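K.L.:
Structure provided below as structure tokens; questions to follow.
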Amino acid sequence: MACPHVAGASALIKKAHGDWTPAMVRSALMTTAAPLDKNGRDIVDSGDGAATIDATPLAAGAGLVLPRLAMHPGLVYDAGTHDYEDFLCNLNYTAEQMRQFVPEMSTGCGGARSGIPGGVANLKYPSFVVVFDGSNGGVRTLMRTVTKVLAKPETYNVTFTAPGGVAMSVTPTALEFKGKNEKRSYTVEFSIVAQGKVRSAGTWEFGHISWENRKHRVRSPVAFNWQTCLNDQDLLAVSL
């Protein structure tokens, strides 16, 4: 039943904000969602019949949709046609494949568009996926841009959580806005720190990044994936 509920909430938001793009509507729903259920408890995953298993963002997404909050999210992550074209280019789509989506793209992606730093993970999306595969010394850097949807001046400060053995650094730590439709960008560096912890290949762990002030909390889930069986000491050694 999640799909019809979200579709209805999206329609209400679009009616209230007729100039918003689909990406802005999606962002409002995701970043205002609650990570806990309506009783303040962890959301559970009953997909396999075991209702006692805590749901991760891979099952519950951003959380429990709260339409009233989504009407006034404060900030949104917007994305346009060009952003999705870059996303497909970074998936190494051929010129023929790209023309199925963008008929006017006769020559394909070209060098610059298929080599964006961060690759597909840098799509302007209101969540993050961080993959540790043993390269780059266990360091990943991603960037996001947020758009203010309220007219009055506001300042947002960042908070974040990460699993043990992962350090996060956000630059800048505060975003100041003077008016509506202003955009601000920030960078997040994720890095392995030495704790001697070993994670098997395919392990997923989770955290979040939030931009907050007295009236708004703009929360993005972060999923961490280990694609190798290296421990954090091994990953650190790669950079030496």
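Counting in UniProt numbering, the sequence shown runs from 1 upward without gaps. Backbone N, C-alpha and C define an ideal beta-carbon position, used for all residues, glycine too. Everything numeric in this text was worked out from a predicted model, so none of it was measured.
Quick check: what's the CA-CA separation for Gly138 versus Lys15?
P.N.:
Those two C-alpha atoms are separated by around 44 Å.
K.L.:
Checking 9 Å against the spacing of the C-beta atoms, do Gly207 and Lys148 come in under that value?
P.N.:
No, they are not a contact pair.
K.L.:
Between Thr31 and Ser185, is the Cβ-Cβ spacing less than 9 Å?
P.N.:
No, they are not a contact pair.
K.L.:
Would you kindly report the start and end of the unbroken alpha helix (DSSP H) that includes Ala60?
P.N.:
That run of the alpha helix (DSSP H) goes Pro57 to Ala60.
K.L.:
Need the endpoints of the alpha helix (DSSP H) that Pro163 sits in, please.
P.N.:
Premise fails: Pro163 is in no alpha helix (DSSP H) and is neither H nor E.
K.L.:
So, Leu12 versus Trp204, is the Cβ gap smaller than 9 Å?
P.N.:
No, the pair does not count as a contact, with Cβ atoms beyond the cut-off.
K.L.:
Can you tell me whether Glu154 is buried or exposed, with buried defined as 16 or more other CB within 10 angstroms of its CB?
P.N.:
Buried.
K.L.:
Run through the DSSP bridge pairs and tell me what Glu212 is partnered with.
P.N.:
Beta-bridge pairing links Glu212 to Asn157 and Arg217.
K.L.:
According to DSSP, is Ala2 part of a helix, a strand, or is it coil?
P.N.:
Helix, per DSSP.
K.L.:
Could you give the distance in angstroms between the alpha-carbon of Thr56 and the alpha-carbon of Asp45?
P.N.:
Near 8 Å, if we compare the C-alpha coordinates of Asp45 and Thr56.
K.L.:
At the level of alpha carbons, what is the spacing between Leu29 and Ser127?
P.N.:
Answer to the nearest angstrom: the Cα atoms are 12 Å apart.
K.L.:
Here's a check: name, in chain order, each residue in its chain whose Cβ is nearer than 7 Å to the Cβ of Pro67, leaving out the five neighbours to either side.
P.N.:
Cβ within range, chain order: Ala9 and Leu12.
K.L.:
Taking 8 Å as the limit between beta carbons, can you name the residues of its chain near Ala7, skipping five residues before and five after?
P.N.:
Hits under 8 Å: none found.
K.L.:
Classify Leu240 as buried or exposed, calling it buried when 16 or more other Cβ atoms lie within 10 Å of its own Cβ.
P.N.:
Summary for Leu240: the model assigns pLDDT 31, below 50, so the residue's position carries little reliability, and this model does not support an answer.
K.L.:
Quick check on the burial criterion: 16 or more other C-beta atoms within 10 angstroms. Buried or exposed for Asn39?
P.N.:
The residue is exposed, with fewer than 16 neighbouring Cβ atoms inside 10 Å.
K.L.:
Could you tell me which residues DSSP pairs with Asn225 in its beta bridges?
P.N.:
DSSP, once it has assigned bridges, lists Val131 and Trp204 as partnering Asn225.
K.L.:
Across which residues does DSSP place Ser169 in a beta bridge pair?
P.N.:
Per DSSP, Glu189.
K.L.:
What are the residues that DSSP puts in a beta bridge with Leu36?
P.N.:
Looking at the DSSP assignment, Leu36 forms a beta bridge with Asp42.
K.L.:
Taking just the CA atoms, how far does Pro4 sit from Met143?
P.N.:
Rounded to the nearest angstrom, the two C-alpha atoms are 32 Å apart.
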